[in-house]
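Residue numbers (our numbering): 788 to 1021. Backbone N, C-alpha and C define an ideal beta-carbon position, used for all residues, glycine too. Working notes, beginning with the structure itself.
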Amino acid sequence: MAASGFNQMAIDEWLLEQHRLGVGLPCLRFYSWQPVAISLGYHQHRYPHSWDSLRWDGQDIDIVRRPSGGRAVLHQGDLTYALVSSPLSGRRRETYKYLCEFLIEGWRDLGIHLSLGGENRRYHRSVNCFSASTAADLVMEDGYKLIGSAQLYRDGCVLQHGSMRLCPEPDLVKAVFGDSIYPPSALKKIKPADLVMVLIAAAKRVFEIEFELQPLSPQEISQACSWSMARSKV
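Right, here's the structure in full:
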């Protein structure tokens, strides 16, 4: 599902709220961003003024705020996942480790080995989420940070979502963050649709659950966006 950054963030938070209220089930969804967007972490209030005038492929680049934490993410050439789960016990680092298992296993099925990052003080000094890895992130064996994730908790229920950086345009990355990124060649062979199927299969095994494919209806999307807009005015 491709949609604007505002819509995608509204849907993620609304799905968490529905689950918190007991009217929505745990869920896993995958999506892309149209138009290209930069998402800011919930507490990230400063960013370069030049971002307000950025354009790509003839369109303005959206700047949106995520309901979760972390630093800025450029959403171009990536695939985003969002996982809403029932209340989990334990420390947040352990929750990240548990919820990332399906990503690690799914990518392993594609021949790419990922591991959790470590603590890095440089991360908090940068506007760029992908400038360094933390214990919430997944990196390849060559050090390339493939997946950056963040969480939002409500009454113990958790939304974990993250960007899988498949094939970002180096020139655009440089225009936004000042440094070019050249993804490993192995990622160029992976089609997003195939990746989604592999990750769903891995999630079934890791979490020992079954999924029911249920696309969001236009009414649900409208409800999520209206809820988010009303919430932002409070």
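Status (buried if at least 16 other CB within 10 Å, exposed otherwise) for residue i
i	result
P971	exposed
H836	exposed
V810	exposed
I848	buried
G898	exposed
P979	exposed
Pairwise C-alpha distance: residue j and residue i
i	j	result
N794	Y818	11 Å
L946	Y883	11 Å
H900	V926	8 Å
M788	D929	31 Å
V860	Q846	18 Å
P813	T867	17 Å
R833	C887	29 Å
L802	V993	22 Å
Q1006	Q805	14 Å
M951	G905	18 Å
G943	V963	35 Å
G828	I996	30 Å
S967	S920	17 Å
L939	P955	26 Å
S1013	L1003	15 Å
Assumed close pair residue i, residue j - CB separation to whole angstroms, cut-off 8 Å
i	j	result
L773	L875	The question about residue 773 has no answer here: the residues shown for the chain are numbered 788 through 1021.
G856	H830	6 Å
A1011	A797	5 Å
Same chain, Cβ closer than 8 Å to residue i, five either side skipped, listed in chain order
i	result
E881	none
Residues near residue i by beta carbon distance below 7 Å, same chain, minus five either side
i	result
W894	L901
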